[in-house]
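Q:
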Amino acid sequence: MQLYNTLAKRVQAFEPAENRTVGMYVCGPTVYDHLHIGNVRPVIVFSALRKYMERFKGWRVVYVQNVTDVDDKLIRRAAETGESVDAIAKTYTDAYFSLLERLGVERPSASPRATDHVGEMVEFISLLVDRGYAYERCGDVYFRVAKVADYGALSGRRLEDQQAGSRVEVGEDKENPLDFTLWKAAKPGEPDWPSPWGRGRPGWHTECVIMSRKYLGAHLDIHAGGNDLVFPHHENEIAQAAASSDAPFFRFWLHNGMLHMGGEEMHKSLGNFRYAHEILAEYGAETVGYFYLSRHYRKPLDYSADGLRAAQAAVGRVRRLIEDIESELRDAPGEATERGRAFAGTIAGYRARYVAAMDDDFNTVDAIAAIHDLVSEANRFRAAAAGDDRLALRDAVLLLRELGEPLGLFQEESATGGSSIEAGLVDLLIDLRRELRSRKAFDLADRVRDQLADLGVELKDTAHGTLWSRR
RNA sequence: GGCGGUGUAGCCAAGUGGUAAGGCAAGGGACUGCAAAUCCCUGAUUCAGCGGUUCGAAUCCGCUCGCCGCCUCCA
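Residues 1 to 471 (my numbering) are what the first sequence spells out, left to right.
#1: Among D179, E120 and E190, which one has its Cα closest to the Cα of G84?
#2: What does a CB cutoff of less than 7 Å around L455 pick up in its chain, not counting 5 residues either side in sequence?
#3: Helix, strand or coil: which one does DSSP assign to T364?
#4: Less than 6 Å between C-beta atoms, sequence neighbours within five positions excluded: which residues of the same chain meet that for A224?
#5: Tell me which residue opens and which closes the alpha helix (DSSP H) that Y52 is part of.
#6: Out of F252, G271 and A385, point me to the one whose CA is closest to R10's CA.
#7: Excluding five sequence neighbours on each side, which residues of the same chain lie with their C-beta closer than 6 Å to the C-beta of R77?
#8: Is DSSP giving L3 helix, strand or coil here?
#9: For Q451, report the span of its beta strand (DSSP E) as first-last.
#10: From the DSSP output, read off the bridge partner residues of A114.
#11: Helix or strand or just coil, what does DSSP make of G165?
#12: Check whether the stretch 346–355 touches the stretch 298–310, counting contact only when three or more Cβ pairs, one atom from each stretch, lie closer than 8 Å.
#13: Helix, strand or coil: how does DSSP classify Y275 here?
#14: S327: which of R447, L391 and E377 sits nearest, CA to CA?
#15: Going by other Cβ atoms of all chains shown within 10 Å of its Cβ, with 16 needed for buried, is I125 buried or exposed?
#16: Considering only the alpha carbon of each residue, which of L270, A357 and R102 lies closest to E282?
#17: Work out the CA separation of A396 and L429 for me, nearest whole Å.
#18: Measuring only the C-alpha atoms, how far is G152 from N236?
#19: As an exercise, report each continuous beta strand (DSSP E) stretch of at least 3 residues that is fully enclosed by the stretch 262–337, in chain order.
#20: Inspect the CB distances between the stretch 409–425 and the stretch 356–366 and report whether three or more fall short of 8 Å.
#21: Run through DSSP, which three-state label would T91 get?
#22: Would you say Y32 touches the ligand GTP, meaning its beta carbon is less than 8 Å from a heavy atom?
#23: Identify which residue in G139, A314 and A17 has its Cα closest to the Cα of G203.
#24: Using CA atoms only, rank isn't needed, just tell me which of K187, L154 and D94 is closest to H234.
#25: With DSSP collapsed to three states, give me the class of W197.
#26: Terminal residues of the continuous beta strand (DSSP E) containing D395?
#27: Does the beta-carbon distance from S469 to D324 come in below 9 Å?
#28: In the structure shown, what three-state DSSP assignment does P202 receive?
#29: Among P16, L99 and V61, which residue has its Cα nearest to the Cα of A285?
#30: On the DSSP letters alone, give me the boundaries of the beta strand (DSSP E) that L409 sits inside.
#31: If you follow the alpha helix (DSSP H) that I238 is in, where does it begin and where does it stop?
#32: Can you list, in chain order, the residues of its chain whose CB lies under 7 Å from that of F14, leaving out five sequence neighbours each side?
#33: To the nearest angstrom, report how far apart R394 and F343 are at their CA atoms.
#34: Between which two residues does the beta strand (DSSP E) holding G424 run?
#35: When burial is assigned at 16 or more other CB atoms within 10 Å of the CB, is A218 buried or exposed?
#36: Alpha carbon to alpha carbon, how far is A445 from Y63?
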């Protein structure tokens with residue numbers, strides 16, 4: 001498949017480096033608060049990419065996502081609330097995993113925490129100091145940016161330009177304003193660890209270098225995150241990797257666009273944000289997922305209640321088809337007819353379109369369009385076909401579920417199947433109601449339908465029987 | 001100042017040289033005891049504006065205008 005590589009600044013063919021195994025590292029949360037709906041975009045997008053690679057490309061994906069559990073924001077939060085940094089980190093790490101579950105997103109293969117790797121980071125920083133790429137000032141250690149020949153290659157900027165118009169404060173004791181902190185001397189009361197430069201804590205950029213190498217080994221295929229991380233975070237990772245070893249670092253760098261609200265980028269500091277768990281509770285995982293994936297992942301996405309409502313309606317259209325067909329045909333016996341086989345051949349074309357779209361820089365928007373065209377095709381067949389020809393509609397449902405799977409869509413079980421008491425009772429009422437309708441006792445028949453609706457069960461009378469679904 | 005993104009129907013949104021996908025909303029018709037759903041029909045002579053290249057441009061080039069971002073912690 002083809003993916004846009006920020007490092008190359010163009011779309012390139014992507015293949016796993018070896019053994020059909022893809023190593024993917026996605027920058028994870030700093031656990032000082034709940035995620036807002038902007039933070040959740042890379043979570044949804046890149047886990048969908050992961051699933052697509054697993055299900056449709058036949059690759060094994062090792063998906064590593066760090067948890068940053070020590071940094072300035074956590075320390076500030078601790079000072080504000082009186083809780084310990086550890087307690088805050090635990091609270092929001094748990095909240096994060098709970099959110100993943102409610103989003104229907106698979107857990108990462110590994111979720112290494114920064115605080116579990118401080119020793120390794122100290123060793124790493126020592127190596128950089130030994131090699132002349134880092135220097136100590138008053139207990140802080142800085143990375144010497146000017147020593148890396150192609151610093152700025154990822155973000156497309158040159159050191160000289162940055163210095164000219166830079167807003168960076170020169171203060172501190174940096175040799176160069178762009179030198180970044182590898183190790184911070186601890187102030188009293190802050191979490192700290194021993195190091196050759198005194199007690200302190202690691203800077204942010206180092207953990208990803210250590211952890212990606214440790215957990216992905218040779219499979220440094222893809223490093224992903226929001227495009228606000230291109231500079232300085234990812235640039236600084238690359239610089240450290242180059243300074244520490246000649247071994248190659250990540251080949252592909254993928255970046256998602258920012259979520260906007262009211263035309264501006266969403267930020268905690270701007271106050272224009274909504275918590276992800278609140279939106280999720282309001283609309284459900286399927287609608288939220290559809291909303292994100294109906295816009296190309298590299299472009300900015302504007303949050304809006306209208307957009308979520310449109311997503312909800314669009315998802316409903318597909319789900320209705322699935323529910324109706326399963327309600328009508330799930331237990332129907334019979335073999336595929338000739339006309340049914342022709343239909344199955346037709347819908348295979350939509351699968352091909354979906355794959356082509358997904359392979360083209362993960363164009364979920366076109367992939368979803370193919371799904372909608374498949375739904376239209378199936379609806380037309382459904383409106384026209386009779387008898388055993390209709391059995392082929394089950395193939396459409398299987399295909400919809402297959403195509404929806406990487407996207408986290410259309411996986412929910414219909415309520416109609418199985419042998420639950422509920423299903424049995426609804427079937428019984430439908431049976432009785434059919435009798436009422438045949439005797440033109442429409443007032444009673446309507447009462448059954450209305451009262452079932454109040455209970456959350458929707459009845460639909462069609463030429464092929466009465467169908468039901470749960471609302 | 002440096003670097004980058006973006007502007008497509010009422011709304012959302014694909015499409016980067018071959019003659020405008022898809023969704024939502026809206027209107028008309030069919031079907032239906034009614035309802036819901038579904039089907040059919042209705043939409044951009046046109047892709048911010050102007051100019052250029054080309055047999056051909058939403059797509060390439062130039063200029064103008066609007067909006068957003070990175071260069072500082074940030075998904």
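Just so it is clear, CB atoms sit at the ideal spot from N, CA and C, and this is done for glycine as well.
A: By the coordinates alone:
#1: The residue labelled residue 84 in the question sits at position 84 within the first sequence. First, the residue type needs correcting, since residue 84 is Ser and not Gly in the sequence shown. If we check each option's Cα against that of S84, E190 comes out closest.
#2: The residue you call residue 455 lines up with position 455 of the first sequence. If we look at L455 and ignore the five residues flanking it on each side, it has no Cβ neighbours.
#3: Position 364 of the first sequence, counting from 1, holds the residue named residue 364. It is helical.
#4: As a position in the first sequence, residue 224 is number 224, starting the count at 1. Cβ within range, chain order: V26, F46 and L254.
#5: The residue labelled residue 52 in the question sits at position 52 within the first sequence. First-last of the alpha helix (DSSP H) with Y52: V40 to F56.
#6: Locating residue 10 in the first sequence gives position 10, counting from the first residue. Cα-wise, what sits closest to R10 is F252.
#7: For the purposes of this step, residue 77 is taken as the residue at position 77 of the first sequence. The residues are Y32 and I88.
#8: For the purposes of this step, residue 3 is identified with residue 3 of the first sequence, where counting begins at 1. L3: strand per DSSP, three-state reduction.
#9: As a first step, residue 451 must be located in the first sequence, where it is residue number 451. First-last for Q451: F442 to D454, but that is the alpha helix (DSSP H), not the beta strand (DSSP E).
#10: As a first step, residue 114 must be located in the first sequence, where it is residue number 114. For A114, which the question treats as bridged, DSSP gives no partner whatsoever.
#11: Counting from 1 along the first sequence, the entry for residue 165 is found at position 165. Since pLDDT at G165 reaches only 42, below the 50 mark, its modelled position is unreliable, and no value is offered.
#12: no
#13: As a working note, residue 275 is residue 275 in the first sequence. Strand.
#14: By one-based count along the first sequence, residue 327 stands at place 327. Comparing Cα-Cα distances from S327 to each of R447, L391 and E377, the minimum goes to L391.
#15: In the first sequence, residue 125 corresponds to position 125, counting from 1. That one is buried.
#16: As a first step, residue 282 must be located in the first sequence, where it is residue number 282. Considering only alpha carbons, the answer is R102.
#17: Looking up residue 429 in the first sequence gives position 429. Looking up residue 396 in the first sequence gives position 396. Going from the Cα of L429 to the Cα of A396 covers about 28 Å.
#18: By 1-based counting over the first sequence, the position of residue 152 is 152. By 1-based counting over the first sequence, the position of residue 236 is 236. Cα to Cα, G152 sits roughly 9 Å from N236.
#19: 301–303
#20: no
#21: Counted from its first residue, the first sequence places residue 91 at position 91. Here T91 sits in helix by DSSP.
#22: Summarising the ligand content, the structure contains no ligands, and the ligand GTP is consequently not present.
#23: Within the first sequence, numbered from 1, the residue matching residue 203 stands at position 203. Ranking the options by Cα distance to G203, first place goes to G139.
#24: Sequence index remark: in the first sequence, residue 234 carries index 234 (1-based). Per the Cα distances, L154.
#25: As a first step, residue 197 must be located in the first sequence, where it is residue number 197. W197 falls in the coil class under three-state DSSP.
#26: Taking the first residue of the first sequence as 1, we reach residue 395 at position 395. No beta strand (DSSP E) holds D395; the alpha helix (DSSP H) holding it covers L393 to G404.
#27: Numbered from 1 along the first sequence, position 469 holds the residue referred to as residue 469. Numbered from 1 along the first sequence, position 324 holds the residue referred to as residue 324. Yes, these two residues count as a Cβ contact at 9 Å.
#28: Here residue 202 is taken as the residue at index 202 of the first sequence, counted from 1. DSSP places P202 in strand when its eight states are reduced to three.
#29: The sequence position of residue 285 within the first sequence is 285, counting from 1. If we check each option's Cα against that of A285, L99 comes out closest.
#30: By 1-based counting over the first sequence, the position of residue 409 is 409. Looking at the DSSP string, L409 is not in any beta strand (DSSP E), and its letter there is neither H nor E.
#31: Counting from one through the first sequence, the residue named residue 238 turns up at place 238. Start and end: E235 to S244.
#32: By one-based count along the first sequence, residue 14 stands at place 14. Correct list, in chain order: M1, Q2, L3 and F252.
#33: Indexing the first sequence from 1 puts residue 394 at position 394. Indexing the first sequence from 1 puts residue 343 at position 343. Using only the alpha carbons, I get a separation of about 11 Å.
#34: Mapped onto the first sequence, residue 424 falls at position 424. Premise fails: G424 lies in the alpha helix (DSSP H), I421 to S438, not in any beta strand (DSSP E).
#35: Stepping through the first sequence from its first residue, residue 218 is reached at position 218. So A218 ends up on the exposed side.
#36: By one-based count along the first sequence, residue 445 stands at place 445. By one-based count along the first sequence, residue 63 stands at place 63. Going by the C-alpha atoms only, they are around 54 Å apart.
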